[in-house]
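Under the UniProt record's numbering, the first residue of the sequence shown carries the number 1, and numbering increases by one thereafter.
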Amino acid sequence: MQGPIKSHTQALRAAALTATLESISDAVLMLGHDWEIRYMNGNAERLTKVKREDVLGRNLWEVFPESVGGPYYRAYHKAVETNTAVTFEEHYAPLDLWTEIRAYPSEEGLTIYFRDISERRAREAENHRLAFYDKLTGLPNRQLLLDRLGHALSLSRRNGRPGAVLFIDLDHFKSINDTRGHDKGDLLLQQVADRLNDAVRGCDTVARFGGDEFVVLLEELGTDAAALARDIAAKLLQAFHAPFDVEGVEHYSTPSIGVALFGRENVSIDDILKRADLAMYQAKAAGRNNVSFFDPAMEARVSARAELETDLRRALVNKEFELHYQPLASIGGELSGVEALVRWRHPQRGMVSPAEFIPVAEETNMILRLGCWVLIEACGLLARWAGDERTAALDMSVNVSAVQFHRPDFVEQVMAVLKQTGARPDRLRLELTESLLLNDVESAIQKMLRLRELGVRFAVDDFGTGYSSLSYLHRLPLSQLKIDRSFIWDALKEGHGAAIVRMIVGLGKTLGMSILAEGVETPEQLSFVMAEGCHYYQGYLYSKPLPESQLADFLHR
């Protein structure tokens, strides 16, 4: 009786095992020693897209021949040969399926548990993409670039094969965001990313570093690394020659590219990026749409600029600035007014040239605070002049930075200063540059007209050195053109200086403006501008810029 009972018990156990295997979430295959498929549960049918009745009793590798020699094949044979369980994850290409596999060898053969982990792997891939790839362009992001750059630097130090970092910044990118909106700017960035990718080698990395900044990592450049880096940078410039199509509108954009090479030198990630960034700014300073290679002198210049910026901030707090005033004269030599010029008396350096600190003030927006102070000081003196019949009719000219002028509240600021100081608006002349006026012309016209209604007048400073648009010039409420000193200096030499002066004088008179010649330093220059019909002049021949104490003596004389 033991035989039937034992047989019955085994059958019950087998049935219970089968029921259990059918109820679990894993797919299950049981194989014999000859790789014969002895059991397959329902989940295995659904996952492999085969029916049990079609495969039971058949060889596993006949049923799935595409797996022969692949990861599954090697893993299952390893489990059998070493009598050790194996666990792994693998992509099953025929079904585009990611599976998690656990295979257990036994005396009967091999039992395989597997499950579909495609959704989990998709989530992991998406998390990886979000962590290491830019959402807008699909390029590697800053984090992934830093990882790859760190690896490239280490490899280059070991094998001596140089590489390069190219730092790319789009010129005037802010204009498309300001004029057409950030969505159009995003479309441009996507197209830029595509062009950069197309212009480099397959082994190179193009990453979006942030905003409109991109970085290209070049590895394994070989012995002539500088030449190859320059060739690739030239291809990147070439990629921008054709216009971009931003929703049916052609848009031209150019890059400024800084290049920093690396090799066996023990340089950090931050240092190599800093060098490429410095070189990029050098490319911008050279006129944009340009390539510049890093050289050590750049770091010295940047350090000096950083020191100057720090001193400039301190100077605003410590009130180290003062105004000097250069008298302006009619062509007959009568005083007509003054131009207020800011000066910086540094406690250690002495007098710092405006050509040195004004650009830094503009780049850092410190010009807003400095420009407001200049306007208040100049208008305060203008108000004091009103009480003296000898100075009541004099004009005060004040230079206005583009950063100041394009502030939305610029008009209100000028009105507030006039009210605060009590200065006469009709004696105030604001001097603007040509490039300032041509940026957002309609807004410039509206601001000027609002102030012109109060009596404030406007002059174009350094006229002839910018890119004037005559179609706009006649619409601007200007009262004066100031001829740049470079044309006055060249006028008595061989060249075109005299012809340019005559052209400016004729243009100004046609538009009903007065003409002032800057930089008149010799009697010959004065005779020339008198003969050409200028109305006013300024320069060392009449007077150098004077501090207020010396100006008072000059005025009384």
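Glycine included, every Cβ here is placed at the ideal spot set by N, Cα and C.
Cβ-based burial, residue i [other Cβ within 10 Å; buried from 16]
i: M1; result: Since pLDDT at M1 reaches only 46, below the 50 mark, its modelled position is unreliable, and the value read off the structure follows with that caveat. M1 comes out exposed.
i: I358; result: buried
i: K482; result: buried
i: R275; result: buried
i: D212; result: buried
i: D171; result: buried
i: D295; result: exposed
i: A85; result: exposed
i: M448; result: buried
i: L418; result: buried
i: P243; result: exposed
i: S253; result: buried
i: R120; result: exposed
i: Q238; result: exposed
i: E219; result: buried
Cα-Cα separation between residue i and residue j, rounded to whole angstroms
i: D426; j: Q446; result: 18 Å
i: R52; j: Y39; result: 8 Å
i: H496; j: F463; result: 15 Å
i: S25; j: F214; result: 47 Å
i: L531; j: A491; result: The question names Leu, but residue 531 in the sequence shown is Ala. Looking at the two C-alpha atoms, the distance is approximately 12 Å.
i: G371; j: R485; result: 23 Å
i: K128; j: R369; result: Here residue 128 turns out to be His, not Lys, going by the sequence shown. Each residue's alpha carbon lies about 46 Å from the other.
i: T391; j: L555; result: 8 Å
i: A499; j: A315; result: 43 Å
i: D231; j: R142; result: 25 Å
i: R148; j: V360; result: 35 Å
i: L21; j: P65; result: 26 Å
i: H91; j: A193; result: 30 Å
i: E339; j: M396; result: 6 Å
i: P71; j: D186; result: 43 Å
i: Q191; j: V267; result: 33 Å
i: P105; j: H33; result: 10 Å
i: A386; j: T421; result: 11 Å
i: A226; j: Y281; result: 19 Å
i: T18; j: P140; result: 49 Å
i: D270; j: V400; result: 38 Å
i: K509; j: L341; result: 27 Å
i: L454; j: C379; result: 15 Å
i: E434; j: A402; result: 10 Å
i: I367; j: S443; result: 21 Å
i: F132; j: E265; result: 28 Å
i: H251; j: R475; result: 27 Å
i: R58; j: A44; result: 15 Å
i: W61; j: R208; result: 47 Å
i: L546; j: L394; result: 16 Å
i: residue 559; j: E521; result: Absent from the structure is residue 559, since the part of the chain shown begins at 1 and ends at 557.
i: V317; j: H346; result: 13 Å
i: A285; j: E524; result: 36 Å
Identified DSSP bridge partners for residue i
i: Y76; result: Paired residue(s): none; Y76 is not in a bridge.
i: E431; result: N399 and A459
i: W344; result: F321 and V352
i: L166; result: V216 and V259
i: H91; result: W98
i: Y39; result: M30
i: Q143; result: DSSP output for Q143 lists no bridge partner at all.
i: Q337; result: At residue 337 the sequence reads Gly, which differs from the Gln that was named. Bridge partners of G337: L328 and D395.
i: S514; result: Q480
i: F293; result: V259
For residue j and residue i, believed in contact at Cβ under 8 Å, the rounded distance
i: L323; j: E548; result: 7 Å
i: A93; j: Y76; result: Their Cβ separation, rounded to whole angstroms, is 17 Å, which puts A93 and Y76 out of contact at 8 Å.
i: Y542; j: P408; result: The Cβ separation is near 38 Å, so there is no contact.
i: A279; j: F293; result: 6 Å
i: L97; j: S118; result: 6 Å
i: R349; j: F321; result: That pair is no contact at about 14 Å.
i: Y536; j: S336; result: 6 Å
i: D461; j: L432; result: 7 Å
i: V411; j: L451; result: 6 Å
i: A152; j: L217; result: 6 Å
i: G539; j: G519; result: 5 Å
CB contact below 8 Å: residue i versus chain C
i: G497; result: The structure shown contains no chain C; it holds only a single protein chain.
Checklist entry - Are the stretch 170-186 and the stretch 111-118 touching by the rule of at least three beta carbon pairs closer than 8 Å? => result no
Next on the checklist: Using a Cβ distance threshold of 8 Å, determine whether the stretch 160-168 contacts the stretch 245-262, with at least three qualifying pairs required.
Outcome noted: yes
Next on the checklist: Measuring CB atoms only, is the stretch 194-207 touching the stretch 297-315, in the sense that at least three cross pairs come out at less than 8 Å?
Outcome noted: no
Next on the checklist: Would you call the stretch 152-163 in contact with the stretch 172-179, where contact means no fewer than 3 C-beta pairs closer than 8 Å?
Outcome noted: no
Next on the checklist: Using a Cβ distance threshold of 8 Å, determine whether the stretch 101-111 contacts the stretch 28-39, with at least three qualifying pairs required.
Outcome noted: yes
Next on the checklist: I'd like to know if the stretch 502-518 and the stretch 271-291 are in contact, where contact means that at least 3 CB-CB pairs between them fall below 8 Å.
Outcome noted: no
Checklist entry - Can you find at least 3 beta carbon pairs, one from the stretch 473-481 and one from the stretch 508-518, that sit closer than 8 Å? => result yes
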